[in-house]
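Engineer: Letter by letter, the sequence shown follows residues 25 to 174 of my numbering.
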Amino acid sequence: MLNEAESRAWRNVAMMLHLVETMLERQVQREAGISHAHYKILVLLGDSPDRTLQLKALAQTLQFSISRISHAVTRLEGLGLVVRSPVPQVGKAFQATVTAAGLDVLRRVAPIQSEAIRQQIFGPLSSGEVELLDRIAVAIVGELAEQERP
């Protein structure tokens with residue numbers, strides 16, 4: 025069992041994560057008409073060389089199943105935000121590439137999302153608390169990533 029301090033901290037972290045994800049979900053839906061999970065795919069593609077990633081790499085990065093990534097890419101394809109194509113010289117593997125319309129979504133939503141994050145997440149914190157939050161997040165992400173390695 026968690027002790028009292030751990031229990032209190034966990035409840036606060038869990039609520040914070042829920043509220044942040046809810047805020048981002050509503051914002052991306054309002055600004056782009058897509059889910060936040062789909063927006064994350066566009067961000068990863070937009071940040072990648074040639075704006076392209078294999079579906080397997082997308083799935084691994086986002087901790088999604090191949091089926092979930094495939095469905096998401098199908099939805100984004102239907103909206104004209106990505107195109108799917110076979111990976112050259114790699115059997116049955118597929119890749120996704122963000123389109124000009126997808127880049128337009130990123131250009132439109134990114135500054136709005138950045139401002140909301142700055143105001144609502146970092147606004148209440150001092151610069152020292154931001155640095156501490158970063159160190160805490162790095163430690164937790166590192167531990168979770170280590171557990172995911174085969």
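Beta carbons are placed, not taken as given, at the ideal position from N, Cα and C, and that holds for glycine. Note that the structure is a prediction, hence the values are computed from the model and not measured.
Using beta-carbon positions only, say whether V106 and V129 come within less than 8 Å of one another.
Structural biologist: Indexing the sequence shown from 1 puts residue 106 at position 82. Indexing the sequence shown from 1 puts residue 129 at position 105. Contact flag unset, no.
Engineer: Exposed or buried, I58, counting other C-beta atoms within 10 Å across all chains shown (16 or more means buried)?
Structural biologist: Counting from 1 along the sequence shown, the entry for residue 58 is found at position 34. I58 comes out buried.
Engineer: Assuming A140 and M47 are in contact, meaning their beta carbons sit under 8 Å apart, how far apart are those beta carbons, in whole angstroms?
Structural biologist: Along the sequence shown, read from residue 1 onward, the residue named residue 140 stands at position 116. Along the sequence shown, read from residue 1 onward, the residue named residue 47 stands at position 23. Confirmed, about 7 Å.
Engineer: Roughly how many whole angstroms lie between the Cα atoms of G104 and G126?
Structural biologist: Your numbering for residue 104 matches position 80 in the sequence shown. Your numbering for residue 126 matches position 102 in the sequence shown. One C-alpha to the other measures close to 7 Å.
Engineer: Alpha carbons only, please: which of V97, S72, H42, G102 is nearest the one belonging to L79?
Structural biologist: Residue mapping note: residue 79 aligns to position 55 of the sequence shown, counting from 1. Answer by Cα proximity: V97.
Engineer: Can you tell me which of W34, A120, K116 puts its alpha carbon nearest to the alpha carbon of R99?
Structural biologist: Within the sequence shown, residue 99 is the residue found at index 75, counting from 1. Nearest of W34, A120, K116 to R99, Cα basis: A120.
Engineer: Can you list, in chain order, the residues of its chain with a C-beta nearer than 8 Å to that of V154? Leave out the 5 residues immediately preceding and following it.
Structural biologist: Counting from 1 along the sequence shown, the entry for residue 154 is found at position 130. Cβ within range, chain order: F146.
Engineer: Using the Cα positions of Q144 and G115, report the straight-line distance between them to the nearest angstrom.
Structural biologist: Residue numbering aside, residue 144 sits at position 120 when the sequence shown is read from its first letter. Residue numbering aside, residue 115 sits at position 91 when the sequence shown is read from its first letter. Taking the straight line joining both Cα atoms gives about 46 Å.
Engineer: Quick one: which unbroken alpha helix (DSSP H) runs of 4-plus residues sit fully inside the segment 82 to 150? Chain order, please.
Structural biologist: Complete alpha helix (DSSP H) runs here, min 4: 90 to 102, 124 to 141.
Engineer: Of all the options D71, S72, E49, which has the alpha carbon lying nearest to the alpha carbon of H10?
Structural biologist: Here the chain has residues from 25 to 174 only, and residue 10 is not among them.
Engineer: Which of the three DSSP states is assigned to L26 in this structure?
Structural biologist: In the sequence shown, the residue the question calls residue 26 occupies position 2. Coil, per DSSP.
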